[in-house]
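Protein chains in written order, with my numbering: chain A, 7 to 337; chain B, 7 to 337; chain C, 10 to 362; chain D, 10 to 362.
Idealized CB from N, CA, C, for every residue including glycine.
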Amino acid sequence: MTTAIGTKKMTLVQAVTDGLRTMMKEHDDVIVLGEDVGKNGGVFRATDGLYDEFGEARVIDTPLAESGIIGTSIGLAINGFRPVAEIQFFGFIYPAFNQIMTHATRIRSRTLGAFTVPMVIRAPYGAGVRAPEIHSDSVEALFTQMPGIKVVVPSNPYDAKGLLIASIEDPDPVLFLEPMRHYRSSKMDVPEGKYTVEIGKGARRKEGEDVTVIAYGAMMDVAVKAAEKAEKQGISVDLIDLRTLYPLDKDLIAESVQKTGRVVIVHEAPSTGGLGDTIISLINDTSFLYMRAPIERVTGFDTPVPMFSLENDYLPNEKRVFDAIQKVIRF
Amino acid sequence: MTTAIGTKKMTLVQAVTDGLRTMMKEHDDVIVLGEDVGKNGGVFRATDGLYDEFGEARVIDTPLAESGIIGTSIGLAINGFRPVAEIQFFGFIYPAFNQIMTHATRIRSRTLGAFTVPMVIRAPYGAGVRAPEIHSDSVEALFTQMPGIKVVVPSNPYDAKGLLIASIEDPDPVLFLEPMRHYRSSKMDVPEGKYTVEIGKGARRKEGEDVTVIAYGAMMDVAVKAAEKAEKQGISVDLIDLRTLYPLDKDLIAESVQKTGRVVIVHEAPSTGGLGDTIISLINDTSFLYMRAPIERVTGFDTPVPMFSLENDYLPNEKRVFDAIQKVIRF
Amino acid sequence: MEERFPMLQIVNGNGEVVDEAYRSELTEELTKELYTKMLRIRLFDRKGVNLQRQGRIGTYVPFEGQEASQVGSAMAMGEGDWMFPTYRDHGATLTFGHSLKTMFLYWKGRHEGCLPPEGKKIFPPAVPIASQLLHATGAAWAEKMKGTDRASIVYFGDGATSEGDFHEGLNFASVFNVPVIFFNQNNGFAISVPMHKQMKAKTIAQKALGYDIEGIRIDGNDAFAVYFHTKKAVERARNGGGPTLIEAVTWRYGAHTTSDDPSKYRDQSETEIRRKTTDPVLRLERFMKNENMWDEKWAKQLEEELTAEIEEAVNEMENEPDANINDMFDYVFESNPWPIEEQKEAFMAGRGE
Amino acid sequence: MEERFPMLQIVNGNGEVVDEAYRSELTEELTKELYTKMLRIRLFDRKGVNLQRQGRIGTYVPFEGQEASQVGSAMAMGEGDWMFPTYRDHGATLTFGHSLKTMFLYWKGRHEGCLPPEGKKIFPPAVPIASQLLHATGAAWAEKMKGTDRASIVYFGDGATSEGDFHEGLNFASVFNVPVIFFNQNNGFAISVPMHKQMKAKTIAQKALGYDIEGIRIDGNDAFAVYFHTKKAVERARNGGGPTLIEAVTWRYGAHTTSDDPSKYRDQSETEIRRKTTDPVLRLERFMKNENMWDEKWAKQLEEELTAEIEEAVNEMENEPDANINDMFDYVFESNPWPIEEQKEAFMAGRGE
Ligand SMILES: Cc1ncc(C[n+]2csc(CCOP(=O)(O)OP(=O)(O)O)c2C)c(N)n1
Ligand SMILES: Cc1ncc(C[n+]2csc(CCOP(=O)(O)OP(=O)(O)O)c2C)c(N)n1
Ligand SMILES: [Mg+2]
Ligand SMILES: [Mg+2]
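Below, the structure written as structure tokens:
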């Protein structure tokens, strides 16, 4: 649904702010809370200007306590508000893990719908910006395996705003991950006003026949570059941006995979237990007979994200993805 | 390594106690701490008698705070002790998630080995005992995807003791999961004294040709029964008990799968993101050309474990496993 | 700190008024209402233990001994207020309007047991210890933002004070001046762990000092003390005075749950003494006798009526149709995403449905 | 509570002694040692900010203004004690024995920056706020169990007091009577959030009341007050007196980190006033002048020497061989399990190694 009129060039982080502003203007029950989201406008400026526009009752600087932020958001959500809680970095979501795992995600099912938790948890995630230790985690698979929460990751400004609005409109908890290394990496035309990008739908970024490359969030750029390189070598790539990690866009994946029979999955999270495993499992379920080569995963390693002197080695890059494309093609 | 002499009939929970006692007798640096582990001997009696035998300095009733238990255990571990921390039920580990995810598992790699965390976290897990809400979680995949911790799940008394001793001897953090519904379900000969079962090695519980069934912990019984039924119908089952979930016994799995070409994986954790996904991914990597049918998973659902009136529906049972065996055979 | 936070009492164990300021408010009507509600939940509780022994429900969590704390505090709350109980506070929720049948269903492992009656803001019991303090704070904060005068009450035990969420709850509530009552039932034990192993502090009320909020300590077996002092805190909350931490000092007579064996960690003779000296129900009986309000016939009839009401609820519970398998699948989200829908279909097909 | 927890001071902003009890202990030797160490870390800090601006290191976390808190407390600790810093406490760790080069390496994103010098028990900086209070408690508890008289000191900010781990740390330490110093640097802000939004309490020291442990509030810009009062707490801890919560009231002059812009949330003119009135280094200079200990030549030479030492460390940092990729793979466990080993091999092969 779109009520948008014009468009405006925006970075991804500006699109997030614009999405928040759009919903806050329309709905008094939408509130923003978190550490430094108020006066400071967020450490990445994702809530810039909202404090001045909507006041401290709706753009709330909380004490430094993630369990407190999520726990009180649950209380707010069951009582008429739609909180959008910011976790300053994804790697600081862990103190709130209990509140998310045992409450935010379970209240609807425990009470057969008597209480519901329409809340959004926003968090910048991922490595590649030379951040200090533990500021670079990519642990989306902790949440895609958690019953009761949807997980969304935009890779560009348009999707960021549309998915964020859809997430705020969603009647259930949504984890909204923002690729911090693309917060300001480029600008894009973004519609003004309200529009949504549907949760649960991926996007085909490039049409191809030989190999399916599946990525999301901060890894889209790497995947795009590797795909371009492959195309130059005559390998035609079907490139999918997942956008939603739970529930996955099963049909889009199956359709592509059944066409190409060859798959490369890219994510920066560790290899074991990463979303790659789940996608392979899904392809096993839907497309076994179509597969012409083992699926390749290009991922982070089974190691903590190293300190930034080594983070470029940790992160999947164009070369590693391209090598994997070649490998599945040559199999 | 075994210094064992005689054997003794023990339940799984008694084997755990015996493993703790064996190590505490031999090593003054092994201490036990947690909620109700002291005077009460643990809510499942897993530490029964240890308080009287070793005193309150080594068998420590802590305040009711899981982050506190794990966080102080880390401090104890870097300073010469080998804490064995009990989390009363696996579903109460979440408040300690931050301490495990950002510290217990990362201290060695952050400091290039200058500090290490030789600790064991024990927790009873799983459904099937009509426990109250949130006492039945099976979230091992949160930890198998977490770099820096090993995950161990015995399915019988012998393995329980041997794996626990190996876990305490391990120089790094080990999550030791105890299938609570098999705590007292049967007795088995367990060697007295010290012996270990190697971490990282699965066990073949039944040799077969037609289909590989992979399970662990509380699901072994279900898998065994389904396998017996299948055998009666002329389907020969290669039955694997994983025992260690990280790192998986890659060779054993590959060897079996390459023989049978057909696989059924059983776990009670939710489907999406469960260990099944990781095993399928591993088989994709090692055995693509051998596969004769899509792998079947028999698992819990993408729902919270329901309250106990529905838990039998939630849990994989013999019939569901048998149906899956038939499905892969008939493919 | 015990001097700073004396244990407030209105009527002592012998049923004698010790705080004369309240004498005129200790009416027969109030007394009988408290007595009735306390007896009702005591009978419920004993039934719960029995049903568990007979295998007719699952693990049950008894609260016998804590009736004054639960009834007095619940009665202090008003229509439209919120209640956030633990697994041990069905005495409070029953007093606040939960139905007997629903509570039995909860202990039978039924999701229906988590559903509040129409119009009642009773949250399902918190199982992860102390997590509910934040929910109560959030819900009360929402009331404040909406500009109502409604408040929350949240229950938790002495053990719960050790969890980080206890601290975060009190801190958020104090910073945002939220109308929430943190009602602690200090029954001396967290399962087997006695209070002195749980904290060095000798009172729980003193923990309010770290947050610059009101903290009081009351005799949790004195229904009057609980009722009037909680009411005062609620009034303050309604008038913008912010949160209060109330420590109600009490004792559970029985086991932690029906799976627990208290003889492993404490001398149960203490309980026997308390039954005779500080019991909340007996205390009201003594008070009524002292004040010439007691009527043996009334008491007998009351017990019969309450017993019948409870038996009726047991009947209802046992005649409830079996749990519906759809309930497991269909309430994770507002509408089932495909993985759940597929899993449900496969499950139904496997059952031959 | 401010009256109950007055801000302890020994020397005021003008360099005048305000607590005569300590006068005889304010020796020239001690004064010069404090001054030297404070100037050293101040110069280090400024260098850190500059190196970041020049792109020679990554994000840097400055502590200028907090030197007295960090030096005074670190000097109060002894050989064999433990230190648990945050990302802002390299002033303390440098004082306690960390090497300048190592600290620069940390801010260059090198794991080597987490390694303590041989024999020094300095834990790597805690990034997840407040988590380190539990590590410090655990390590000190271990010392107690071993029967030594060693203690831990753990640093944390005003914002950190809001986290659950703060509470759990203090509670465990008090219950087990652990020799740990909880050293809070209350610099008034957690990034942009001022103290009054972080808590309703007016002091942090008062939070000790909830745990029945010692709590004190000191002028964190008075190196003497920090040194002597911390020392007293450490002595108590060594003698079995348990933990102490110390609130050192201070101020950071600069940004939260080099990525932060404080003008978004506070008036930096406050900082300019403080530089003139309460600065910890200037205060010692004034004290020395008042007491005729000041020697312009000594001071000048000291600055030159320290500057040279720091430049040398920058050199060493920059001449360090590149980070070794093995360090990413080989220290997750004592020995690499197969997934890591395979990933490493594939990675090396992909790089052509
Ligand atoms: C996070 C968490 N940890 C552990 C438990 C297990 N547990 C259930 S009740 C209980 C003791 C609670 O004691 P207290 O807070 O005093 O309440 P009481 O049971 O005495 O009413 C424990 C440890 C739990 N439910 N949640
Ligand atoms: C668990 C966690 N949440 C959030 C952050 C992000 N963060 C880093 S420093 C900081 C403020 C800390 O304030 P304070 O405790 O006062 O220490 P200061 O920085 O003032 O020294 C925040 C919110 C973090 N590092 N860890
Ligand atoms: Mg209790
Ligand atoms: Mg601060």
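Comparing the C-beta of residue i with each C-beta of chain A, is any distance below 8 angstroms?
i      : result
C/E88  : no
B/N104 : yes
C/T95  : no
C/T146 : yes
Using only alpha-carbon positions, find the residue among the options that is nearest to residue i.
i      : options                          : result
D/G100 : D/E343, D/P134, D/S140 and D/I50 : D/I50
B/A147 : B/D283, B/V327, B/E72 and B/A233 : B/D283
C/T316 : C/L48, C/P289 and C/S344         : C/L48
B/V243 : B/E274, B/D216, B/R88 and B/Y320 : B/D216
B/I80  : B/A129, B/E261, B/D54 and B/I37  : B/I37
C/I282 : C/G22, C/E244 and C/R13          : C/G22
A/I259 : A/P160, A/Y100 and A/T218        : A/T218
C/G263 : C/R55, C/E12, C/F185 and C/I19   : C/R55
A/S191 : A/G208, A/D227 and A/K212        : A/D227
Less than 6 angstroms between C-beta atoms, sequence neighbours within five positions excluded: which residues of the same chain meet that for residue i?
i      : result
D/G178 : L142, L143 and T146
D/A373 : What the structure shows of chain D is the stretch from 10 to 362, and residue 373 of chain D is not part of that stretch, so it cannot be assessed.
B/G267 : Y296, M297 and R298
A/A221 : A229 and V272
Using a Cβ-Cβ distance cut-off of 8 angstroms, determine whether residue i contacts chain D.
i      : result
B/A236 : no
B/K45  : no
C/K364 : The structure shown does not extend to residue 364 of chain C, since chain C is modelled only from 10 through 362, so no value can be given for it.
A/T278 : yes
Could you confirm whether any beta carbon from chain B is found closer than 8 angstroms to the beta carbon of residue i?
i      : result
A/S242 : no
A/T28  : no
D/L311 : no
Kindly indicate if chain C contains any beta-carbon less than 8 angstroms away from that of residue i.
i      : result
A/K207 : no
D/Y220 : yes
A/K167 : no
B/S287 : no
D/Q215 : yes
Just to confirm, are residue i and residue j a CB contact at a threshold of 8 angstroms?
i      : j      : result
B/F149 : B/L170 : no
C/T170 : C/M208 : yes
C/E76  : C/V243 : no
Which same chain residues end up closer than 8 angstroms to residue i when comparing Cβ atoms and leaving out the 5 residues on each side of it in sequence?
i      : result
A/D319 : P312
C/E42  : M84
Is residue i near ligand 5, in the sense that its beta carbon is under 7 angstroms from a heavy atom of that ligand?
i     : result
B/D34 : Ligands displayed in this structure: ligand 1, ligand 2, ligand 3 and ligand 4; ligand 5 is not among them.
Apart from the five residues just before and just after residue i, which ones in its own chain have a Cβ nearer than 7 angstroms to its Cβ?
i      : result
C/Y220 : L179, N180 and S183
B/E139 : M313
C/V364 : The structure shown does not extend to residue 364 of chain C, since chain C spans only 10 to 362, so no value can be given for it.
- Item | Near-chain B residues of the region 295-311 of chain A (beta-carbon distance less than 7 angstroms), N- to C-terminal order | P300, I301, D308, T309 and P310
- Got a sec: which bits of the region 154-169 of chain D sit with their beta carbon under 9 angstroms from any beta carbon on chain B, in order along the chain? M154, K155 and S161
- Message: Taking beta-carbon pairs under 7 angstroms, can you tell me which members of the region 329-345 of chain D lie near chain B?
- Response: D336, Y340, V341, F342 and E343
- Message: Against chain D, which members of the region 172-184 of chain C pass a CB distance test of less than 8 angstroms?
- Response: E172, G173, D174, F175, H176, E177, N180, S183 and V184
- Within 9 angstroms of chain B by C-beta, residues of the region 113-131 of chain D in sequence order: H120, E121, C123, L124, P125 and K130
- Item | Near-chain D residues of the region 198-212 of chain C - C-beta to any C-beta below 9 angstroms | H205, K206, Q207, M208, K209, A210 and K211
- Message: Which residues of the region 273-295 of chain C have a Cβ closer than 7 angstroms to any Cβ of chain B? Give them in chain order.
- Response: K273 and Y274
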